[in-house]
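So the structure is just underneath, and the comments pick up after that.
Residue numbers (the working numbering): 19 to 107.
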């Protein structure tokens, strides 16, 4: 049976960082998703603790790799304000 190619891969993962007001360590990752004809880049803001999951900014999807990197870097720099609305729409 042939092995299936993975549909997604992590192309960038930021440093895990403790931030006041959060239980776990926060980090940003960019995931390249190849499930369709074109690649999509998902910027995921995440935590190492499940208790934080409801307060995290939503995942944002980009078609352009550089736009995804720019947004990821912006979110990486603004971790301290995630709980207060940064990145939330």
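From the three backbone atoms N, C-alpha and C, an ideal C-beta is built for every residue, glycine too. Given the structure is predicted, the values throughout are model-derived calculations rather than measurements.
So for residue i, helix, strand or coil by DSSP?
| i | result |
| --- | --- |
| residue 13 | Residue 13 is absent from the structure shown; the chain starts at 19 and stops at 107. |
| residue 47 | strand |
| residue 106 | Summary for residue 106: the model assigns pLDDT 49, below 50, so the residue's position carries little reliability, and this model does not support an answer. |
| residue 64 | strand |
| residue 33 | coil |
| residue 101 | helix |
Ordered along the chain, which non-local residues of its own chain (more than five positions away) have a Cβ less than 8 Å from that of residue i?
| i | result |
| --- | --- |
| residue 65 | 40, 41, 42, 43, 44, 45, 71 and 74 |
| residue 98 | 37 and 38 |
| residue 89 | 61, 78 and 80 |
| residue 107 | Only weak support exists for where residue 107 lies, its pLDDT of 47 falling under 50; the value from the coordinates is given anyway. Counting only Cβ-Cβ distances below 8 Å, and skipping sequence neighbours, we find 76. |
Here's a check: name, in chain order, each residue in its chain whose Cβ is nearer than 7 Å to the Cβ of residue i, leaving out the five neighbours to either side.
| i | result |
| --- | --- |
| residue 33 | 45 |
| residue 50 | 26, 27, 29, 57 and 59 |
Should residue i go down as buried or exposed, given a rule of 16 or more other Cβ atoms within 10 Å for buried?
| i | result |
| --- | --- |
| residue 28 | exposed |
| residue 69 | exposed |
| residue 93 | buried |
| residue 67 | exposed |
Quick one: what's got a C-beta closer than 6 Å to residue i's C-beta in the same chain, skipping five residues either side?
| i | result |
| --- | --- |
| residue 80 | 59 and 86 |
| residue 63 | 46, 74, 75 and 93 |
Where DSSP assigns a beta bridge to residue i, which residues make up the other side?
| i | result |
| --- | --- |
| residue 79 | 60 |
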